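**Student:** Residue numbering for the sequence shown follows the numbering used here, starting at 512 and increasing by one per position.
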Amino acid sequence: MGSIDLGSVDTAGLRQVAISILAAWLMGQAIAEVYRFVQRGRDISAAFVQALVVGGIVGSMLMLAIGNSVARGIGIVGALALIRFRTNLSSPLDMVFIFASFAGGIAAGTGNVVTGAVGTALFLAVVAGTNSLMRARGEREAELRVRMPASADAEEKLRAVLRAHATSFALLRRRDGAEGKESRTWWRVGLKDGDDGGGISRVLRVDAGALEVQVELESAAAESGAGDDD
């Protein structure tokens, strides 16, 4: 068996690799800690927090491996295309945090450590600031799950209620019943000050004709409404 000639190892290259991966780890750790801060009070997945930390390291390793080689880049993209990533994110902000972690790692892997560090710091400052401002105003977010009878104007009635009784709302997904008699929709909504989810639930049942309403607050796993939801 042949032996590795340590004298031929590029010391400067090893130093650059170490600096890039260390910077990616530090940025990922900072992103994970701020994520814990903005999501305090909620059930947080330990695996997701760990993914935020190591995601940047993976991004840095990929960029270091690619270097200036187009062939390597094509090969890595082809390999990643074979992988199926399946995860359910509780809010759009989770996806942004994942992208931020990878962006920091990519910046470190391409040698732009300062750019990655400054960008990460600004991103975290804006996220923490807006989160604190929302909490000071008493704004709360929740996941809203609604079961409606299937009709042409059912969703429009639902949207009209949300426009009047929520500070913001976004449709996450929709699923129609097997026999086409009902539909289920999942929404991300901002609740008005003082509403713990009960108010908007009652209005949806009375004004929109909802068959079932469930509200999961960001600060608790409390639900309003009855019935199972799979």
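From the three backbone atoms N, C-alpha and C, an ideal C-beta is built for every residue, glycine too. Just so you know, these numbers come straight off a predicted model, no measurement behind them.
If I follow the unbroken alpha helix (DSSP H) through residue 670, where does it start and stop?
**Tutor:** Start and end: 665 to 676.
**Student:** Tell me which same chain residues have a C-beta within less than 7 Å of the C-beta of residue 608, skipping the five on either side of it?
**Tutor:** Same-chain partners within the cutoff: 542, 546, 563.
**Student:** Across which residues does DSSP place residue 701 in a beta bridge pair?
**Tutor:** Paired residues: 652, 679.
**Student:** For residue 652, is the classification buried or exposed, using 16 other Cβ atoms within 10 angstroms of its Cβ as the cut-off for buried?
**Tutor:** Burial call: buried.
**Student:** Check residue 580 in the structure and name its three-state DSSP category.
**Tutor:** Reduced to three states, the DSSP call for residue 580 is coil.
**Student:** Pull up the distance between the alpha-carbon of residue 661 and that of residue 685, whole angstroms please.
**Tutor:** Rounded to the nearest angstrom, the two C-alpha atoms are 12 Å apart.
**Student:** Take every Cβ of the region 666 to 678, pair it with every Cβ of the region 710 to 719, and state whether three or more of those distances are shorter than 8 Å.
**Tutor:** Judged by Cβ distances under 8 Å, the region 666 to 678 makes contact with the region 710 to 719, as three or more pairs qualify.
**Student:** What three-state label does DSSP hand residue 522 in the structure shown?
**Tutor:** Correct three-state label for residue 522: helix.
**Student:** What first and last residue would you give for the beta strand (DSSP E) that runs through residue 715?
**Tutor:** Element bounds for residue 715: not the beta strand (DSSP E) but the alpha helix (DSSP H), 709 to 718.
**Student:** How long is the line joining the alpha carbons of residue 657 and residue 617, rounded to whole angstroms?
**Tutor:** Cα-Cα distance, rounded: 40 Å.
**Student:** Where does residue 626 sit, in a helix, a strand or coil, going by DSSP?
**Tutor:** Helix, per DSSP.
**Student:** Between residue 667 and the rest of its own chain, which residues show a CB-CB distance below 6 Å, the 5 nearest in sequence each way excluded?
**Tutor:** Cβ within range, chain order: n/a, list empty.
**Student:** Near residue 534, which residues of its chain fall below 6 Å by C-beta distance, leaving aside the five closest residues on each side in sequence?
**Tutor:** Excluding residues within five positions, the ones whose Cβ falls inside 6 Å are 619, 624.
**Student:** Is it right to say residue 724 is buried, meaning 16 or more other beta carbons lie within 10 angstroms of its own, or is it exposed?
**Tutor:** Buried, by the Cβ-count rule.
**Student:** Identify the continuous beta strand (DSSP E) that holds residue 728 and give its terminal residues.
**Tutor:** 723 to 728 is the extent of the beta strand (DSSP E) around residue 728.
**Student:** Starting from residue 609 and walking both ways along the alpha helix (DSSP H), at which residues does that stretch end?
**Tutor:** Element bounds for residue 609: 603 to 620.
**Student:** If you draw a straight line from the C-alpha of residue 532 to the C-alpha of residue 565, how long is it?
**Tutor:** Near 10 Å, if we compare the C-alpha coordinates of residue 565 and residue 532.
**Student:** Among residues of its own chain, excluding the 5 on either side of residue 682, which ones have a beta-carbon nearer than 7 Å to its beta-carbon?
**Tutor:** 696, 698, listed in sequence order.
**Student:** Pull up the distance between the alpha-carbon of residue 580 and that of residue 573, whole angstroms please.
**Tutor:** So the two alpha carbons sit approximately 12 Å from each other.
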